[in-house]
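Engineer: Each protein sequence line maps, in turn, to chains A and B.
The opening residue of the first sequence carries number 2 in this note's numbering; numbering runs sequentially from there.
The opening residue of the second sequence carries number 2 in this note's numbering; numbering runs sequentially from there.
Here a beta-carbon is modelled for each residue, glycine too, at the ideal position from N, C-alpha and C.
Number of protein chains: 2
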Amino acid sequence: MSQSNQQIYIENFLHRCREIGLNITPQRMAIYKALLNDDSHPNPEAIYQSITPEYPTISMATVYKTLETFARYGIISMVTTLHNTVRYDPITKRHHHIVCVRCKKVIDLLDQDLDSIKIPNKIKKNNQLINYSVHFNVICPECKGK
Amino acid sequence: MSQSNQQIYIENFLHRCREIGLNITPQRMAIYKALLNDDSHPNPEAIYQSITPEYPTISMATVYKTLETFARYGIISMVTTLHNTVRYDPITKRHHHIVCVRCKKVIDLLDQDLDSIKIPNKIKKNNQLINYSVHFNVICPECKGK
DNA sequence: CTAGGTGCAAAGCATTTGCCTCACT
DNA sequence: AGTGAGGCAAATGCTTTGCACCTAG
Numbered sequence: 002m003s004q005s006n007q008q009i010y011i012e013n014f015l016h017r018c019r020e021i022g023l024n025i026t027p028q029r030m031a032i033y034k035a036l037l038n039d040d041s042h043p044n045p046e047a048i049y050q051s052i053t054p055e056y057p058t059i060s061m062a063t064v065y066k067t068l069e070t071f072a073r074y075g076i077i078s079m080v081t082t083l084h085n086t087v088r089y090d091p092i093t094k095r096h097h098h099i100v101c102v103r104c105k106k107v108i109d110l111l112d113q114d115l116d117s118i119k120i121p122n123k124i125k126k127n128n129q130l131i132n133y134s135v136h137f138n139v140i141c142p143e144c145k146g147k
Numbered sequence: 002m003s004q005s006n007q008q009i010y011i012e013n014f015l016h017r018c019r020e021i022g023l024n025i026t027p028q029r030m031a032i033y034k035a036l037l038n039d040d041s042h043p044n045p046e047a048i049y050q051s052i053t054p055e056y057p058t059i060s061m062a063t064v065y066k067t068l069e070t071f072a073r074y075g076i077i078s079m080v081t082t083l084h085n086t087v088r089y090d091p092i093t094k095r096h097h098h099i100v101c102v103r104c105k106k107v108i109d110l111l112d113q114d115l116d117s118i119k120i121p122n123k124i125k126k127n128n129q130l131i132n133y134s135v136h137f138n139v140i141c142p143e144c145k146g147k
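1. Are the C-beta of H136/A and some C-beta of chain B separated by less than 9 Å?
2. In or out: H16/A buried (at least 16 other Cβ within 10 Å) or exposed?
3. Which residues bound the alpha helix (DSSP H) around I140/A?
4. Among residues of its own chain, excluding the 5 on either side of L111/B, which ones have a beta-carbon nearer than 6 Å to its beta-carbon?
5. Short check: CB of N138/B to CB of I76/A, under 9 Å?
6. Just the Cα atoms here: how many angstroms apart are L115/A and I118/B?
7. In this structure, does DSSP put D109/A in helix, strand or coil?
8. If distances are taken between C-alpha atoms only, which option among L23/A, S78/A, A62/A and H136/A comes closest to H42/A?
9. Compare the C-alpha of E55/B against each of E69/B, T70/B, R29/B and A62/B and name the closest.
10. C141/A and N127/B - do their beta-carbons sit closer together than 9 Å?
11. Residues of chain A with CB closer than 8 Å to the CB of N44/B, please, in chain order.
12. For C18/B, would you say it is in contact with chain A, using Cβ-to-Cβ distances shorter than 9 Å as the test?
13. So, for M61/A: in the same chain, excluding its five sequence neighbours on each side, which residues have a beta-carbon less than 8 Å away from its beta-carbon?
14. Using beta carbons (cut-off 9 Å, strictly below), is I48/B in contact with chain A?
15. At which residues does the alpha helix (DSSP H) containing H16/B begin and terminate?
16. Among residues of its own chain, excluding the 5 on either side of Y33/B, which ones have a beta-carbon nearer than 6 Å to its beta-carbon?
17. Buried or exposed for Y133/A, going by 16 or more other Cβ atoms inside 10 Å?
18. Specify, as a first and last residue, the run of the beta strand (DSSP E) that I99/A falls within.
19. How long is the line joining the alpha carbons of Q7/B and L37/B, rounded to whole angstroms?
20. In whole angstroms, give me the CA-to-CA distance for T67/A and I25/A.
21. Starting from the C-beta of P57/B, find all residues in its chain whose C-beta is less than 7 Å away, skip the five residues before and the five after it, and write them out in chain order.
22. Please classify T53/A as buried or exposed, where buried requires at least 16 other C-beta atoms within 10 Å of its C-beta.
23. Going along chain B, which residues have a C-beta under 8 Å from N128/A?
24. To the nearest whole angstrom, what separates the beta carbons of Y74/A and I21/A, a pair I think is in contact under 8 Å?
25. List, in order along the chain, the chain B residues whose C-beta lies closer than 8 Å to that of L23/A?
26. Can you list, in chain order, the stretches of the beta strand (DSSP E) that have 3 or more residues and sit fully within the stretch 18-84 of chain B?
27. Kindly list, in the order they appear in chain A, the residues whose Cβ is closer than 7 Å to that of N132/B.
28. Please report the straight-line C-alpha distance between V100/A and I108/A, rounded to a whole angstrom.
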């Protein structure tokens, strides 16, 4: 993500936190920034690793609690893929995922057409739709080459 | 699932096992049947529970190993949702999921339109597409009522 | 000042592994 | 005899919880 884009995200983040009443702590800033700087949909462990150089005393519990809090308020989103650890994504607007079934890599996909697929009547009639996303399971070029 | 439909699935199952060279054991039959009889996308624990009356000595390890084996050969499929336990589904052909974000219920959705969405060029060009599915996150009627 | 946040350690579960036994070729 | 499968128990690993201390607002 570009520097200027990051700035916008960070300002948005601060604004949302104040709005909700979440204290802005150095740890929370660090966790949010770590997410912005990592487009691989890191899991809590990976975020923890990327923060420890700067905050050697931060604990995994804090990372878990913080991510959970952010996700609960929609500041970040949870991504679940074909493997079992939860991953997080700072992009909360509608987007889709390409998951390589071999190396488990997750790539974001922004696509106008997919954003406006026809919502089946069955869903519209009975449920309150929160969001939807399309998961593509693929073998990526690198894995295919092997 | 209707009785006659189940029969077809079971015969298919037996056929696939023989083809692959998997021994057909009472435990494996029981696990597969449990999956057929439960359209709630059960997790290993739930499958274990539904089998114990008939097979009191079966172990969780067997359930895990068996499900993993079935999934590896494409006999059943793994479903991952917005919560963290893995769930399984005997239906391996393309279908989509409605997940209630409150009660975590998962409902299968068969939909012609969704089966033929436009695959983005970005994917077609670089990757070998295995499958895709659409996840709808909703608040279901029961939860909305509360 | 004080509610909310952090960090540590322990607990809790889901899942996996190792290994021995058994059944069927 | 040898291979594949099952069952038990232990290990692993991710995630959550409880609690005492601390800090941002």
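Structural biologist: Working from what's here:
1. Mapped onto the first sequence, residue 136/A falls at position 135. Closer than 9 Å to some Cβ of chain B, the Cβ of H136/A qualifies, so yes.
2. As a working note, residue 16/A is residue 15 in the first sequence. With fewer than 16 other CB atoms across the displayed protein chains lying within 10 angstroms of its CB, H16/A is exposed.
3. Within the first sequence, the letter at position 139 stands for residue 140/A. Taken as a continuous stretch (DSSP letters only), I140/A belongs to no alpha helix (DSSP H), being part of the beta strand (DSSP E) at Q129 to I140.
4. Taking the first residue of the second sequence as position 1, residue 111/B is located at position 110. Result list for L111/B: H96, in chain order.
5. Looking up residue 138/B in the second sequence gives position 137. Looking up residue 76/A in the first sequence gives position 75. Note that the C-beta distance between N138/B and I76/A is not below 9 Å.
6. Numbered from its first residue, the first sequence carries residue 115/A at position 114. Numbered from its first residue, the second sequence carries residue 118/B at position 117. CA-CA distance, L115/A to I118/B, rounds to 8 Å.
7. Translated into positions along the first sequence, residue 109/A becomes position 108. In this structure, D109/A counts as strand in the three-state DSSP scheme.
8. As a first step, residue 42/A must be located in the first sequence, where it is residue number 41. Closest by alpha carbon: S78/A.
9. Taking the second sequence and counting its residues from 1, the one referred to as residue 55/B is at position 54. Ranking the options by Cα distance to E55/B, first place goes to R29/B.
10. For the purposes of this step, residue 127/B is identified with residue 126 of the second sequence, where counting begins at 1. For the purposes of this step, residue 141/A is identified with residue 140 of the first sequence, where counting begins at 1. Note that the C-beta distance between N127/B and C141/A is below 9 Å.
11. Locating residue 44/B in the second sequence gives position 43, where the first residue counts as 1. Contacts between N44/B and chain A, judged by CB atoms closer than 8 Å, are missing: the closest CB pair is about 11 Å apart.
12. For this step, residue 18/B is matched to residue 17 along the second sequence. Interface criterion not met: the Cβ of C18/B is under 9 Å from no Cβ in chain A.
13. What you label residue 61/A is simply residue 60 of the first sequence in a count that begins at 1. Excluding positions up to five away in sequence, the list reads P45, E46 and Y49.
14. Taking the first residue of the second sequence as 1, we reach residue 48/B at position 47. Chain A places no beta carbon closer than 9 Å to that of I48/B, leaving this residue out of the contacts.
15. Position 15 of the second sequence, counting from 1, holds the residue named residue 16/B. Note, H16/B: alpha helix (DSSP H), Q4 to I21.
16. As a first step, residue 33/B is located in the second sequence; it is residue number 32 there, counting from the start. F14.
17. On the first sequence, position 132 is the one that residue 133/A refers to. Counting Cβ neighbours within 10 Å, Y133/A comes out buried, since at least 16 surround it.
18. Counting from one through the first sequence, the residue named residue 99/A turns up at place 98. Annotation for I99/A: the continuous beta strand (DSSP E) segment containing it runs H97 to C101.
19. As a first step, residue 7/B must be located in the second sequence, where it is residue number 6. As a first step, residue 37/B must be located in the second sequence, where it is residue number 36. Taking the straight line joining both Cα atoms gives about 7 Å.
20. Taking the first residue of the first sequence as 1, we reach residue 67/A at position 66. Taking the first residue of the first sequence as 1, we reach residue 25/A at position 24. The straight-line gap from Cα to Cα measures roughly 11 Å.
21. Along the second sequence, one-based indexing puts residue 57/B at 56. No residues qualify anywhere along the chain.
22. On the first sequence, position 52 is the one that residue 53/A refers to. It is exposed - the Cβ of T53/A has fewer than 16 other Cβ atoms within 10 Å.
23. Taking the first sequence and counting its residues from 1, one reaches residue 128/A at position 127. Residues of chain B passing the Cβ test: I99, C101, F137, V139, I140, C141, P142 and K145.
24. By one-based count along the first sequence, residue 74/A stands at place 73. By one-based count along the first sequence, residue 21/A stands at place 20. Between I21/A and Y74/A the Cβ distance is about 5 Å, and since that is below 8 Å, they are a contact.
25. Sequence index remark: in the first sequence, residue 23/A carries index 22 (1-based). By Cβ distance, chain B contributes nothing, its closest Cβ being about 21 Å from L23/A, past 8 Å.
26. Taking only runs of at least 3 residues, the beta strand (DSSP E) segments lying wholly in the stretch 18-84 of chain B are 78-80.
27. The residue you call residue 132/B lines up with position 131 of the second sequence. What N132/B touches in chain A: N138.
28. Locating residue 100/A in the first sequence gives position 99, where the first residue counts as 1. Locating residue 108/A in the first sequence gives position 107, where the first residue counts as 1. For V100/A and I108/A, the distance between alpha carbons rounds to 6 Å.
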